[in-house]
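See below for the structure under consideration.
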């Protein structure tokens with residue numbers, strides 16, 4: 005079985021962070037950056053980091069991952085520093101995890117287990133808890149290995165007690181499979197409910213804008229800035245886990261729905277990607293995707309590549325028409341670097357937007373850019389006689405007004421962009437209003 009979970013009741017648990025450095029791993033990200041990220045994950049679980057180390061790895065040893073000399077060296081370090089938890093920033097096989105725990109005489113947790121611990125601790129909604137539990141059980145199922153002696157004991161019995169001669173490992177596997185099956189059924193119901201909610205939103209002429217990005221890129225802070233909300237936003241990895249939806253007022257009063265999703269991370273465990281597929285379908289269904297990047301991070305480009313990789317695994321279309329890069333935390337960059345960053349943003353395709361979710365810098369251009377992305381239909385001209393205040397208000401609420409002219413008799417002529425669905429609703433609600441095609445420059449919004 006897997007090793008017991010980290011005991012969060014213990015006041016202080018000393019941790020040793022080990023990043024195995026092997027060729028071809030990490031891409032453009034440096035080993036030190038990977039070690040720092042692993043330390044950030046450990047801090048998110050309130051572990052006390054007593055040492056971090058990069059361990060060169062020429063060859064993966066099947067039994068212990070590291071060679072005998074490195075295993076002995078780390079064991080001595082664990083004893084010297086009185087380590088309680090050794091975090092290995094890599095995927096460990098069940099045998100490797102067990103052998104390292106025996107050699108080092110401490111709890112050993114790999115990268116996947118560490119991220120699962122954080123998700124289990126942060127999930128708040130029923131859906132989030134179900135998804136995390138499904139991912140955890142899928143992970144634990146792989147930890148069932150025959151090297152554990154108690155799993156070899158046979159037990160007799162009939163029916164639910166297992167067949168004659170069923171070993172403990174077979175029993176545990178069967179029980180885990182049954183739990184996983186139940187969770188999947190519950191998640192199917194959750195997905196059905198979410199699909200119904202999504203369908204209800206589609207019946208309203210509101211575009212959906214989804215925030216995605218690397219964990220700690222500032223998505224939740226930007227979400228709060230754009231929607232005047234108070235979603236949890238802290239300077240830590242995976243501060244926000246459960247998805248959140250709020251209304252977003254685009255320029256000219258047109259509302260949209262803004263969705264904040266869980267942050268991504270390099271080597272995101274397969275179990276979590278699969279478990280959170282239902283939640284992240286919000287991204288697939290979005291009209292516009294805002295890819296939020298921490299431009300002040302030296303690893304910003306590598307983090308962006310990791311986000312794109314996860315989105316591709318989810319089957320999200322990264323069509324440039326729907327994706328806009330938002331370079332956040334511009335307030336944390338050095339003044340001398342600002343001209344170079346601005347030039348890189350202009351040369352990006354499509355051009356990126358520089359913002360600071362903390363100070364509000366760049367938020368207005370961002371909202372204008374989002375409004376342009378959701379405005380795909382040609383403008384129509386509406387001639388509204390005097391006294392049609394309800395129709396005028398509806399157009400402001402559900403469309404994007406780009407020109408307005410009041411005539412001497414009180415009538416109003418408006419040029420407005422409406423989605424096909426909104427246009428159909430307007431024609432049903434106000435059949436007496438004349439609509440016609442119009443050609444008005446987008447460069448002159450009111």
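Residue numbers (our numbering): 5 to 450.
Virtual Cβ for every residue (Gly too), placed ideally from N, Cα, C.
| query | result |
| --- | --- |
| Helix, strand or coil at residue 217 [DSSP, three-state] | strand |
| Residue(s) in a DSSP beta bridge with residue 250 | 262 |
| Entirely enclosed beta strand (DSSP E) segments - the stretch 287 to 342, minimum 3 residues | 292 to 298, 327 to 332 |
| Candidates 191, 61, 299, of which the one nearest residue 136 by Cα | 191 |
| Identity of the residue in 133, 396, 405 nearest residue 414 by Cα | 396 |
| Euclidean distance between Cα positions of residue 310 and residue 352 | 18 Å |
| Distance between residue 145 and residue 58 (C-alpha atoms, nearest Å) | 30 Å |
| Sub-8 Å separation of residue 300 and residue 333 beta-carbons | yes |
| Minimum C-alpha distance to residue 141 - residue among 113, 215, 420, 181 | 181 |
| Exposed unless 16 or more other CB atoms sit within 10 angstroms - verdict on residue 267 | buried |
| Cβ pair residue 212, residue 290 closer than 8 Å | yes |
| Uninterrupted alpha helix (DSSP H) stretches inside the stretch 34 to 58 (no shorter than 4 residues) | 35 to 47 |
| Anticipated Cβ contact below 8 Å, residue 252 with residue 260, distance rounded | 5 Å |
| One or two residues paired with residue 387 in a DSSP bridge | 417, 438 |
| Own chain residues within Cβ distance below 6 Å of residue 56, not counting five before or after | 21, 39, 43 |
| Neighbourhood of residue 446 by C-beta, 6 Å cutoff - its chain only, sequence neighbours within 5 removed | Caution applies to residue 446, whose pLDDT of 43 falls short of 50 and renders its modelled position unreliable; the value that the coordinates give is listed next. Nothing meets the Cβ criterion. |
| Inter-residue Cα distance where the pair is residue 354 and residue 328 | 7 Å |
| Residue 90 classed as buried or exposed, judged by whether at least 16 other C-beta atoms fall within 10 angstroms | buried |
| Residue range of the unbroken alpha helix (DSSP H) whose run includes residue 272 | That residue, residue 272, is in no alpha helix (DSSP H); it is neither H nor E in DSSP. |
| Buried/exposed call for residue 103, threshold 16 Cβ in 10 Å | buried |
| Rounded separation between residue 147 and residue 97 - CA only | 8 Å |
| Residues near residue 25 in its chain [Cβ-Cβ closer than 7 Å; skip 5 each side] | 35, 58, 59, 60, 61 |
| For residue 354, three-class secondary structure by DSSP | coil |
| Whole-angstrom distance between residue 133 and residue 286, CA atom to CA atom | 18 Å |
| Endpoints, alpha helix (DSSP H) assigned at residue 396 | 393 to 402 |
| Whole beta strand (DSSP E) elements within the stretch 95 to 121, 3-residue minimum | 111 to 114 |
| DSSP state of residue 90 mapped onto helix, strand, coil | strand |
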